[in-house]
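J.:
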DNA sequence: CAGCATCCGCTTTGATACTG
DNA sequence: CAGTATCAAAGCGGATGCTG
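Residue numbers (the working numbering), protein chains in the order written: chain A, 1 to 226; chain B, 1001 to 1226.
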């Protein structure tokens, strides 16, 4: 990308990560840790292979990504974020939150990956009853099952099936997220094709509350002259 | 921009604000409040006029920007952020912070605008001595003077000259920021052409501390299967 | 198969000129 | 002041081919 040529921190940030696909590559590496080239392609459906190679080279040069030649048993190159790359997490988290209201719309040809949903769940869900015994929720949607464990006030997300889930939800991601974020009740979710097995009370324990528009004021950041 | 077609909050955010120039337009409106078309052009040096018009239309459609036909005395259209647009402030703030280390390099053809620097100062400076009487600093660089007032633990930034500044700094923006962010001492700043008038002790009062790389760990956000 | 490089048609951008 | 119109150049998406 052409530089904006502005002596401004935001512009300089965008000089580095403002290109198409770049932040999504960082998202993949932030969510999944070390990735092979092929993993990245799978997590970025639609990216042209030459673009992925280009972006990885640029990110490496900018010091956000490092490549590591994995030892003999694996024998493949792994890409991972450097500390400088990890520092983009606040940006990704904010974009996650800002974009959540847009998740109410799921276009028919939207690709779905469970680790994206897992990221959203991690940002949104909390354990409202730390004193209660741990509970486990299994979510079956996307390309692999997601396990949500609430214990001692913390919520942990794993991309695998649960051992003995207290509740299992299956169906399309959109109504399931609506249910977990408190936008739909169980009945409405069922109408949208969600099925469950187990104890629905788990929902009260971990449900997130949707960020309502916080009535931001219109005052500019910096007061202007006269 | 073409949609990424991903059911992911970050991708959906970038579908809206991921285009070239878009976030910088939001930056302008966030920093300066209501802007005329011409103000925006001045704050976005190098943007093609048709692109600015396109982006404003897209932002309006997406509900982030509203245009307002100002009453007779002004007789011009003003653009401002809607509440939904204001909600991007956390994203802008994080990009501000992430990009600060890049400000150590000032390319010869980088444009400079005081309100960008004011944004950086607002994010970075704090009043370390709330119990002390208020102090005022005037910074002379960029296209207009900046006033930094520290009082009662708060720091306020204005884009205008100070009444009776306790300290005035003049020179290139890069060494001045270095000085204010604690990367240079006064002597080093002077070597880089910064001049001052008044009491340098003001610096101790408001100086920001530079975000050192916080040794982020490499653990992925979501644990992977097996 | 993993990790690219090359080629080609299309879209987006940048620069400039022009208009109500 | 607030845009629209035009056109060349750069970037992108998709397909394909190459190398270990």
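We treat Cβ as the ideally placed atom computed from N, Cα and C, and that holds for glycine.
Please read all numbers here as calculations on a predicted model, not as lab measurements.
Verify the CB distance criterion: does residue 150 of chain A have a CB-CB separation below 7 Å to chain B?
T.: Within the first chain, numbered from 1, the residue matching residue 150 of chain A stands at position 150. With 7 Å as the cut-off, residue 150 of chain A does not count as an interface residue toward chain B.
J.: Taking the alpha helix (DSSP H) that residue 196 of chain A falls in, what are its first and last residues?
T.: Taking the first residue of the first chain as 1, we reach residue 196 of chain A at position 196. Note, residue 196 of chain A: premise wrong, no alpha helix (DSSP H); beta strand (DSSP E) at 195-198.
J.: Taking the CB atoms as reference points, tell me whether residue 1005 of chain B and residue 110 of chain A lie closer together than 7 Å.
T.: Against the second chain, residue 1005 of chain B aligns to sequence position 5. Against the first chain, residue 110 of chain A aligns to sequence position 110. Going by C-beta atoms, residue 1005 of chain B is nearer than 7 Å to residue 110 of chain A.
J.: Measuring CB to CB, does residue 1157 of chain B end up less than 7 Å from residue 1114 of chain B?
T.: Reading the second chain from its first residue, position 157 is the one you call residue 1157 of chain B. Reading the second chain from its first residue, position 114 is the one you call residue 1114 of chain B. No, the pair does not count as a contact, with Cβ atoms beyond the cut-off.
J.: Quick check on residue 120 of chain A - is its C-beta less than 7 Å from some C-beta in chain B?
T.: Locating residue 120 of chain A in the first chain gives position 120, counting from the first residue. Yes, its Cβ sits closer than 7 Å to a Cβ of chain B.
J.: Using a Cβ cut-off of 8 Å, pull out every chain A residue sitting near residue 1071 of chain B, in sequence order please.
T.: Reading the second chain from its first residue, position 71 is the one you call residue 1071 of chain B. Simply none; closest approach about 17 Å.
J.: Tell me whether residue 186 of chain A is buried or exposed, calling it buried when 16 or more other Cβ atoms sit within 10 Å of its Cβ.
T.: For this step, residue 186 of chain A is matched to residue 186 along the first chain. The residue in question, residue 186 of chain A, is exposed, as its Cβ has fewer than 16 Cβ neighbours within 10 Å.
J.: Beta carbons nearer than 7 Å to chain A: which residues of the segment 1070-1104 of chain B have them?
T.: Listed in sequence order: 1080, 1083, 1084, 1086, 1087, 1088, 1090, 1091, 1092, 1094, 1095, 1096, 1098, 1099, 1100, 1102 and 1103.
J.: Considering Cα atoms alone, identify which of B:1027, B:1191 and B:1137 is closest to residue 1201 of chain B.
T.: Taking the second chain and counting its residues from 1, the one referred to as residue 1201 of chain B is at position 201. Cα-wise, what sits closest to residue 1201 of chain B is B:1137.
J.: State the DSSP-derived secondary structure class of residue 1077 of chain B, mapped to helix, strand or coil.
T.: Within the second chain, numbered from 1, the residue matching residue 1077 of chain B stands at position 77. Three-state DSSP puts residue 1077 of chain B in a strand.
J.: Please report the Cβ distance between residue 12 of chain A and residue 1103 of chain B, rounded to the nearest whole angstrom; I am assuming they are in contact, meaning their Cβ atoms lie under 8 Å.
T.: Indexing the first chain from 1 puts residue 12 of chain A at position 12. Indexing the second chain from 1 puts residue 1103 of chain B at position 103. Indeed, because the Cβ distance is near 7 Å, the residues count as touching under 8 Å.
J.: Kindly indicate if chain B contains any beta-carbon less than 7 Å away from that of residue 10 of chain A.
T.: The sequence position of residue 10 of chain A within the first chain is 10, counting from 1. With 7 Å as the cut-off, residue 10 of chain A counts as an interface residue toward chain B.
J.: Based on the DSSP output, what are the partners of residue 139 of chain A in its beta bridges?
T.: Stepping through the first chain from its first residue, residue 139 of chain A is reached at position 139. Residue 139 of chain A is bridged to A:146 and A:169.
J.: Taking the straight line between their C-alpha atoms, what separation do you get for residue 1031 of chain B and residue 208 of chain A?
T.: Locating residue 1031 of chain B in the second chain gives position 31, where the first residue counts as 1. Locating residue 208 of chain A in the first chain gives position 208, where the first residue counts as 1. Approximately 32 Å, taken between the alpha carbons.
J.: Going by beta carbon distance, what residues of the same chain come within less than 7 Å of residue 1023 of chain B, once the five residues before and after it are set aside?
T.: Along the second chain, one-based indexing puts residue 1023 of chain B at 23. So the qualifying residues of the chain are 1017.
J.: Can you tell me whether DSSP reads residue 1047 of chain B as helix, strand or coil?
T.: As a position in the second chain, residue 1047 of chain B is number 47, starting the count at 1. Three-state DSSP puts residue 1047 of chain B in coil, outside helix and strand.
J.: Provide the residue(s) that pair with residue 35 of chain A in DSSP beta bridges, ordered along the chain.
T.: Counted from its first residue, the first chain places residue 35 of chain A at position 35. Beta-bridge pairing links residue 35 of chain A to A:79.
J.: Should residue 1213 of chain B go down as buried or exposed, given a rule of 16 or more other Cβ atoms within 10 Å for buried?
T.: Walking along the second chain from the start, residue 1213 of chain B turns up at place 213. Bear in mind that the predicted position of residue 1213 of chain B carries a pLDDT of just 45, short of 50, making it unreliable; the figure below should be weighed with that in mind. Exposed, since its Cβ has fewer than 16 Cβ neighbours within 10 Å.
J.: Per the DSSP calculation, residue 65 of chain A is bridged to which residue(s)?
T.: Counted from its first residue, the first chain places residue 65 of chain A at position 65. Partner(s): A:81.
J.: Along the chain, where does the alpha helix (DSSP H) that runs through residue 1094 of chain B open and close?
T.: To locate residue 1094 of chain B, count along the second chain from 1; it is residue 94. Run containing residue 1094 of chain B: 1089-1099, per the alpha helix (DSSP H) assignment.
J.: Do residue 1040 of chain B and residue 1058 of chain B count as a contact pair if the criterion is CB distance below 7 Å?
T.: For the purposes of this step, residue 1058 of chain B is identified with residue 58 of the second chain, where counting begins at 1. For the purposes of this step, residue 1040 of chain B is identified with residue 40 of the second chain, where counting begins at 1. Cβ atoms of residue 1058 of chain B and residue 1040 of chain B: not closer than 7 Å.
J.: Express the C-alpha separation of residue 198 of chain A and residue 1121 of chain B in angstroms, rounding to a whole number.
T.: Locating residue 1121 of chain B in the second chain gives position 121, where the first residue counts as 1. Locating residue 198 of chain A in the first chain gives position 198, where the first residue counts as 1. Between residue 1121 of chain B and residue 198 of chain A, the C-alpha separation is close to 53 Å.
J.: Kindly list, in the order they appear in chain A, the residues whose Cβ is closer than 9 Å to that of residue 1006 of chain B.
T.: For the purposes of this step, residue 1006 of chain B is taken as the residue at position 6 of the second chain. Going along chain A in sequence order, the residues near residue 1006 of chain B (Cβ under 9 Å) are 24, 44, 45, 46, 110, 111, 112, 113 and 116.
J.: For the segment 1164-1184 of chain B, list every residue whose C-beta sits within 8 Å of some C-beta in chain A, in sequence order.
T.: Under the 8 Å Cβ criterion, the segment 1164-1184 of chain B contributes 1173 and 1174.
J.: Can you list, in chain order, the residues of its chain with a C-beta nearer than 6 Å to that of residue 88 of chain A? Leave out the 5 residues immediately preceding and following it.
T.: To locate residue 88 of chain A, count along the first chain from 1; it is residue 88. Correct list, in chain order: 26.
J.: What residue range does the alpha helix (DSSP H) around residue 1156 of chain B cover?
T.: As a working mapping, residue 1156 of chain B is identified with position 156 in the second chain. Unbroken run through residue 1156 of chain B is the beta strand (DSSP E), 1154-1158; no alpha helix (DSSP H).
J.: Just the Cα atoms here: how many angstroms apart are residue 7 of chain A and residue 1106 of chain B?
T.: Numbered from 1 along the first chain, position 7 holds the residue referred to as residue 7 of chain A. Numbered from 1 along the second chain, position 106 holds the residue referred to as residue 1106 of chain B. Straight-line Cα distance between these residues: approximately 6 Å.
J.: I think residue 1176 of chain B touches residue 1123 of chain B, with their Cβ atoms under 8 Å apart; what is that distance to the nearest whole Å?
T.: Along the second chain, one-based indexing puts residue 1176 of chain B at 176. Along the second chain, one-based indexing puts residue 1123 of chain B at 123. The pair is not a contact, with the Cβ atoms about 16 Å apart (cut-off 8 Å).
J.: Look at residue 166 of chain A and residue 135 of chain A and say whether their C-beta atoms are less than 7 Å apart.
T.: For the purposes of this step, residue 166 of chain A is identified with residue 166 of the first chain, where counting begins at 1. For the purposes of this step, residue 135 of chain A is identified with residue 135 of the first chain, where counting begins at 1. Yes. Within cutoff.
J.: On a Cα-Cα basis, can you pick out the residue from A:108, A:119, A:78 and A:125 that is closest to residue 95 of chain A?
T.: As a first step, residue 95 of chain A is located in the first chain; it is residue number 95 there, counting from the start. The shortest C-alpha separation from residue 95 of chain A is found at A:119.
J.: Measuring only between beta-carbons, confirm whether residue 1013 of chain B sits less than 7 Å from chain A.
T.: In the second chain, counting from the first residue as 1, residue 1013 of chain B sits at position 13. It does: the Cβ of residue 1013 of chain B has a partner Cβ on chain A nearer than 7 Å.
J.: Does the distance from the C-beta atom of residue 1173 of chain B to that of residue 1112 of chain B stay below 7 Å?
T.: Here residue 1173 of chain B is taken as the residue at index 173 of the second chain, counted from 1. Here residue 1112 of chain B is taken as the residue at index 112 of the second chain, counted from 1. Yes, they are a contact pair.
J.: Beta-carbon within less than 6 Å of residue 162 of chain A's beta-carbon, same chain only, minus the 5 sequence neighbours each way: which residues are those?
T.: For this step, residue 162 of chain A is matched to residue 162 along the first chain. Hits under 6 Å: 136, 138 and 147.
J.: Check residue 1215 of chain B in the structure and name its three-state DSSP category.
T.: The residue you call residue 1215 of chain B lines up with position 215 of the second chain. Annotation note: pLDDT 40 at residue 1215 of chain B (below 50); position unreliable, no value reported.
J.: Note the first and the last residue of the continuous alpha helix (DSSP H) segment covering residue 119 of chain A.
T.: Residue 119 of chain A sits at position 119 when you count from the first residue of the first chain. From DSSP, the alpha helix (DSSP H) with residue 119 of chain A extends over 114-124.
J.: Determine the burial state of residue 127 of chain A: buried for a count of at least 16 other Cβ atoms within 10 Å of its Cβ, exposed for fewer.
T.: Taking the first residue of the first chain as position 1, residue 127 of chain A is located at position 127. It counts as buried.
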